[in-house]
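Asker: Numbering (my numbering) for the sequence shown: 30 to 396. Handing you this structure, nothing more for now.
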Amino acid sequence: MIEILNILLIEDNPGDARLIQELLSEDTFIHIDTAERLSTGLEYLDEEKFDALLLDLSLPDSQGLETFNRVQDSFPRLPILILTGLNDEELAPEIVRKGAQDYLVKGQVDRNLLKRAIKYAIERKKLDDKLQRTMKELEAKNKELEDYTYTVSHDLKAPLVTIQGFSDLLAQNYNDKLDEKGRHYIDRINQGSERLTNLVSSLLELSRAGRMTKPFDWHDFNVIVKDSLESLEAKIITANVKITYTEDFPRIFCDDMRLSQVVNNLVGNAVNYMGDQESPEINIGWKESGDYYEFWIQDNGIGIKEEDQGRIFNIFERASDAAQGTGIGLSIVKKIVENHGGEIRVESEYGKGSTFIFTIPIKGVKE
Ligand code: ADP
30 MIEILNILLI EDNPGDARLI QELLSEDTFI HIDTAERLST GLEYLDEEKF
80 DALLLDLSLP DSQGLETFNR VQDSFPRLPI LILTGLNDEE LAPEIVRKGA
130 QDYLVKGQVD RNLLKRAIKY AIERKKLDDK LQRTMKELEA KNKELEDYTY
180 TVSHDLKAPL VTIQGFSDLL AQNYNDKLDE KGRHYIDRIN QGSERLTNLV
230 SSLLELSRAG RMTKPFDWHD FNVIVKDSLE SLEAKIITAN VKITYTEDFP
280 RIFCDDMRLS QVVNNLVGNA VNYMGDQESP EINIGWKESG DYYEFWIQDN
330 GIGIKEEDQG RIFNIFERAS DAAQGTGIGL SIVKKIVENH GGEIRVESEY
380 GKGSTFIFTI PIKGVKE
């Protein structure tokens, strides 16, 4: 079936309108309607389905970007091609970024170019719409998964508390009635349920990491580092780790609680994976890199084999020689960093130490 394209032209200059009509008139598969004012054009768009809009920005009742914004807001799915008398090098990219499909300068378009621009604009818009729909579906699926993880881990907690409670009672009240083997079994139950509790709590954390606890704001990263180190103080002192850091960290746009969690996890890991290093050290630093701040947490611990480096950010993945842990911490960290518009990576040499580096956009991310 041959498709007839229904095009609306909003153009107040009769000469220009005639010219465009003439350019397209040879093509019997294009039908073109014209409006001279934005208000009339909007009425036409309300009444009839158009495949694309050719829009002049300077109209008697609207000027410049405002003209585009008004149509785009009311008809977000309509492919819009700007048709203007002036070649504005600043406005053109801005308006395309805002969603216009093309920016054509009158007098510089010929018949073929115009037809091609219209057809491509329609196809591109279809693809855009499809992409938007797929992204929405993905977001919904992600949310569903997070909710699912949350519900499952939440529901697992109650029976776990029961198991722990009764095995404690058994140990306390029946200790003398049990022989060594019996007491050993209870110990094993306790160890297992403790591990399960850690897993369930980490899973709950992971599902919460996607939901920010509060709106983003500008926070001093010095305070975030100090708070995190304070909460890890006992662990750091016990492990006898020397921590060095600069005191000139920048302010960043973030959810400070979540960023503390990132630093906490990374420094906590650095302490955990020190191995038998005689003078354990951790350095926390930063630098600017393009549009981003780059923060690092560097240790001189056991390091990570090259083949493990890519997968440790995935849930439940641990390095082949890691004895403890749930393998969830780094997936939480990754999720939080990505929610802030950044990325995380590791540089490590096995046996020498690791540096975890994450970025945060200097200007902050749109929530
Ligand atoms: P967990 O520490 O609970 O196992 P994580 O997701 O925090 O889980 O870390 C995943 C794995 O990455 C760890 O099991 C460990 O093998 C490795 N890892 C993380 N941080 C370090 C580090 N600083 N040095 C060496 N290995 C590390």
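Each residue gets a CB set at the ideal place from its N, CA and C atoms; glycine is no exception. Everything numeric in this text was worked out from a predicted model, so none of it was measured.
Note the first and the last residue of the continuous alpha helix (DSSP H) segment covering Q338.
Answerer: For the purposes of this step, residue 338 is identified with residue 309 of the sequence shown, where counting begins at 1. Looking at the DSSP string, the run of the alpha helix (DSSP H) that includes Q338 is 335-338.
Asker: What's the gap between the Cα of V296 and the Cα of N171?
Answerer: Start at 1 with the first residue of the sequence shown, and residue 296 comes out as number 267. Start at 1 with the first residue of the sequence shown, and residue 171 comes out as number 142. Distance between the alpha carbons of V296 and N171 is about 28 angstroms.
Asker: Counting only runs that start and end within the region 265-339, where is the beta strand (DSSP E) found for 3 or more residues in a row?
Answerer: Entirely contained in the region 265-339, the beta strand (DSSP E) runs reaching 3 residues are, in chain order, 271-274, 280-283, 310-318, 321-328.
Asker: One question on the structure: do T384 and D328 come within less than 9 angstroms of each other, judged by their Cβ atoms?
Answerer: Your numbering for residue 384 matches position 355 in the sequence shown. Your numbering for residue 328 matches position 299 in the sequence shown. Against a cut-off of 9 angstroms, the Cβ pair of D328 and T384 comes out as a contact.
Asker: Between E346 and the ligand ADP, is there a pair consisting of the residue's CB and a ligand heavy atom that are separated by less than 8 angstroms?
Answerer: Residue numbering aside, residue 346 sits at position 317 when the sequence shown is read from its first letter. Checking the Cβ of E346 against the ligand ADP gives yes.
Asker: Between which two residues does the beta strand (DSSP E) containing I61 stretch?
Answerer: Numbered from its first residue, the sequence shown carries residue 61 at position 32. Segment 59-64, the beta strand (DSSP E) holding I61.
Asker: Say the cut is 8 angstroms; is the CB of Q130 nearer than that to a heavy atom of the ligand ADP?
Answerer: In the sequence shown, the residue the question calls residue 130 occupies position 101. Answer for Q130: no, Cβ out of range of the ligand ADP.
Asker: With hydrogens ignored, establish whether the beta-carbon of N294 is closer than 8 angstroms to any heavy atom of the ligand ADP.
Answerer: Translated into the one-based positions of the sequence shown, residue 294 becomes position 265. Under cutoff, so the answer is yes.
Asker: Can you tell me which of the three DSSP states V138 falls into?
Answerer: Working through the sequence shown from its first residue, we reach residue 138 at position 109. In this structure, V138 counts as coil in the three-state DSSP scheme.
Asker: Name, in chain order, the residues that DSSP records as bridge partners for L82.
Answerer: Working through the sequence shown from its first residue, we reach residue 82 at position 53. For L82, which the question treats as bridged, DSSP gives the partners L37, I109.
Asker: Work out the CA separation of A64 and S91 for me, nearest whole Å.
Answerer: The residue you call residue 91 lines up with position 62 of the sequence shown. The residue you call residue 64 lines up with position 35 of the sequence shown. Their Cα atoms are separated by approximately 13 angstroms.
Asker: From the DSSP output, which residues share a beta bridge with L88?
Answerer: One-based indexing of the sequence shown puts residue 88 at position 59. Beta-bridge pairing links L88 to S91.
Asker: I'd like to know if the region 317-326 and the region 372-392 are in contact, where contact means that at least 3 CB-CB pairs between them fall below 8 angstroms.
Answerer: The region 317-326 vs the region 372-392: in contact.
Asker: With DSSP as the reference, label Y23 as helix, strand or coil.
Answerer: Examination of residue 23 is not possible in this model, given that the chain is present from 30 through 396 alone.
Asker: Can you tell which of D249, S289, K159, T275 has its C-alpha closest to the C-alpha of L261?
Answerer: Taking the sequence shown and counting its residues from 1, one reaches residue 261 at position 232. Taking only the C-alpha atoms, the option nearest L261 is S289.
Asker: Who are S377's beta bridge partners in DSSP?
Answerer: The residue labelled residue 377 in the question sits at position 348 within the sequence shown. DSSP output for S377 lists S383 as bridge partner(s).
Asker: Closest to D45 by C-alpha separation, out of A129, L160, K78, Q137, would be which residue?
Answerer: To locate residue 45, count along the sequence shown from 1; it is residue 16. That would be Q137, whose Cα lies nearest to the Cα of D45.
Asker: Does at least one heavy atom of the ligand ADP sit under 8 angstroms from the Cβ of S289?
Answerer: Position 260 of the sequence shown holds residue 289. S289 Cβ: outside cutoff for every heavy atom of the ligand ADP.
Asker: Indicate the three-state DSSP secondary structure (helix, strand or coil) for T180 in the structure shown.
Answerer: As a first step, residue 180 must be located in the sequence shown, where it is residue number 151. Of the three classes helix, strand and coil, the one that applies to T180 here is helix, per DSSP.
Asker: What separation, rounded to the nearest whole angstrom, lies between the Cα atoms of A81 and D184?
Answerer: In the sequence shown, the residue the question calls residue 81 occupies position 52. In the sequence shown, the residue the question calls residue 184 occupies position 155. If I take the Cα positions, the gap works out to 52 angstroms.
Asker: Among K364, I365, I331, which residue has its Cα nearest to the Cα of Y379?
Answerer: Looking up residue 379 in the sequence shown gives position 350. Nearest of K364, I365, I331 to Y379, Cα basis: I331.
Asker: Taking only runs that begin and end inside the region 191-246, name each unbroken alpha helix (DSSP H) of 4 or more residues, in chain order.
Answerer: Qualifying alpha helix (DSSP H) stretches, in chain order: 209-238.
Asker: Could you give the distance in angstroms between the alpha-carbon of D277 and the alpha-carbon of K316?
Answerer: The residue given as residue 277 occupies position 248 in the sequence shown. The residue given as residue 316 occupies position 287 in the sequence shown. Straight-line Cα distance between these residues: approximately 10 angstroms.
Asker: Per DSSP, what kind of secondary structure is D117 in: helix, strand or coil?
Answerer: The count along the sequence shown starts at 1 and reaches residue 117 at position 88. Coil at D117, not helix or strand.
Asker: Where do the N-terminal and C-terminal ends of the alpha helix (DSSP H) with K364 fall, by residue?
Answerer: Translated into the one-based positions of the sequence shown, residue 364 becomes position 335. It spans 358-368 - the alpha helix (DSSP H) in which K364 sits, taken as one unbroken run.
Asker: Could you give the distance in angstroms between the alpha-carbon of I313 and the alpha-carbon of G356?
Answerer: Residue mapping note: residue 313 aligns to position 284 of the sequence shown, counting from 1. Residue mapping note: residue 356 aligns to position 327 of the sequence shown, counting from 1. Each residue's Cα considered, the two are about 23 angstroms apart.
Asker: Should K155 be labelled buried (16 or more other beta-carbon atoms within 10 Å of its own) or exposed?
Answerer: Numbered from 1 along the sequence shown, position 126 holds the residue referred to as residue 155. Counting Cβ neighbours within 10 Å, K155 comes out exposed, since fewer than 16 surround it.
Asker: Given a threshold of 16 other Cβ atoms within 10 Å of its Cβ, counted over all protein chains shown, does V270 qualify as buried or as exposed?
Answerer: Counted from its first residue, the sequence shown places residue 270 at position 241. With 16 or more Cβ atoms within 10 Å of its Cβ, V270 is classed as buried.
Asker: So L86 and T113 are supposed to be a Cβ contact under 8 angstroms. How far apart are they, rounded?
Answerer: Position 57 of the sequence shown, counting from 1, holds the residue named residue 86. Position 84 of the sequence shown, counting from 1, holds the residue named residue 113. About 5 angstroms; that satisfies the 8 angstroms criterion.
Asker: For I357, is the beta carbon positioned less than 8 angstroms from some heavy atom of the ligand ADP?
Answerer: As a first step, residue 357 must be located in the sequence shown, where it is residue number 328. At least one heavy atom of the ligand ADP is nearer than 8 angstroms to the Cβ of I357, so yes.
Asker: If we ignore side chains and look at the alpha-carbon of each, how far apart do C283 and G319 end up?
Answerer: Looking up residue 283 in the sequence shown gives position 254. Looking up residue 319 in the sequence shown gives position 290. For C283 and G319, the distance between alpha carbons rounds to 19 angstroms.
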